[in-house]
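Encoded as structure tokens, the structure appears first; notes follow it.
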Amino acid sequence: MSAHCTTVRVGYPEVDRMGFAHHSRYPVWFEIGRTELMRAAGLPYVRLEEELGLMFPVVELGARYRRPARYDELLTVRTVLAGLAGVRVRFRYRIEGPDGTGELARGFTEHASCGLDGRPRRIPVAVREILAPWVDPAAEEEP
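In terms of our numbering, the numbers along the sequence shown are unbroken and rise by one, the last being 146.
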């Protein structure tokens, strides 16, 4: 399946003295993209936790910044489910500037599938079946 896209607007409290979005905001935007992909897949995090007793805490995060985002720009967050195996879930992200101005940043998060007790737990078959159409194996190979 293709990437899920959502938009975020750079708010005034998100920019630094230079007028650029602070680097700490990008992981927040990654999370917004991931949350919306899960919702679009029919598995919002509230259902994952409350009905299935499962959590996907972040265990690794990486980002590469190419150009700064600026105050009031409307950005596109492209999120891809790059991998789903065992107890591992991996997402990739690309943040694009307004009006097709190109890539501002890209990144990834890796998650462990855990029960509500925090112990690793294999991803249940029902969850795999819901998310399988969203997995893009080619995204796993991206730098």
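Built from N, CA and C at the ideal position, the CB exists for glycine as well.
Secondary structure of residue i, DSSP reduced to three states
i	result
Thr-104	coil
Val-141	Val is not the amino acid found at residue 141; the sequence shown has Ala there. Ala-141 falls in the helix class under three-state DSSP.
Glu-54	coil
Glu-76	coil
Pro-123	strand
Val-18	strand
Selection from the options that minimises the alpha carbon distance to residue i
i	options	result
Thr-79	Gly-103, Arg-124 and His-26	Gly-103
Leu-57	Ala-44, Leu-46, Cys-117 and Val-92	Cys-117
Gly-14	Phe-23, Met-41, His-7 and Arg-70	Phe-23
Tyr-68	Arg-20, Phe-111 and Leu-55	Phe-111
Pro-101	Ala-72, His-7 and Phe-59	Ala-72
Glu-106	Val-138, Val-92 and Arg-81	Arg-81
Burial state of residue i (16 or more Cβ within 10 Å)
i	result
Tyr-96	buried
Arg-109	buried
Glu-99	buried
Arg-131	exposed
Leu-46	buried
Arg-122	exposed
Gly-36	buried
Ala-141	exposed
Val-3	With the chain running from 4 to 146 in the structure shown, residue 3 is simply not present.
Leu-87	buried
Met-21	exposed
Val-128	exposed
Residue range of the alpha helix (DSSP H) that includes residue i
i	result
Gly-36	28-43
Cβ of residue i within 9 Å of any chain D Cβ
i	result
Ala-141	The structure shown contains no chain D, having only a single protein chain.
Residue span of the beta strand (DSSP E) that contains residue i, given as start and end
i	result
Arg-131	Looking at the DSSP string, Arg-131 is not in any beta strand (DSSP E); the run it does join, the alpha helix (DSSP H), is 128-134.
Ala-66	61-68
His-7	7-12
Val-92	91-99
(request) Decide yes or no for the touch test of the stretch 25-40 against the stretch 61-71: beta carbon pairs closer than 8 Å, at least 3 of them. (result) yes
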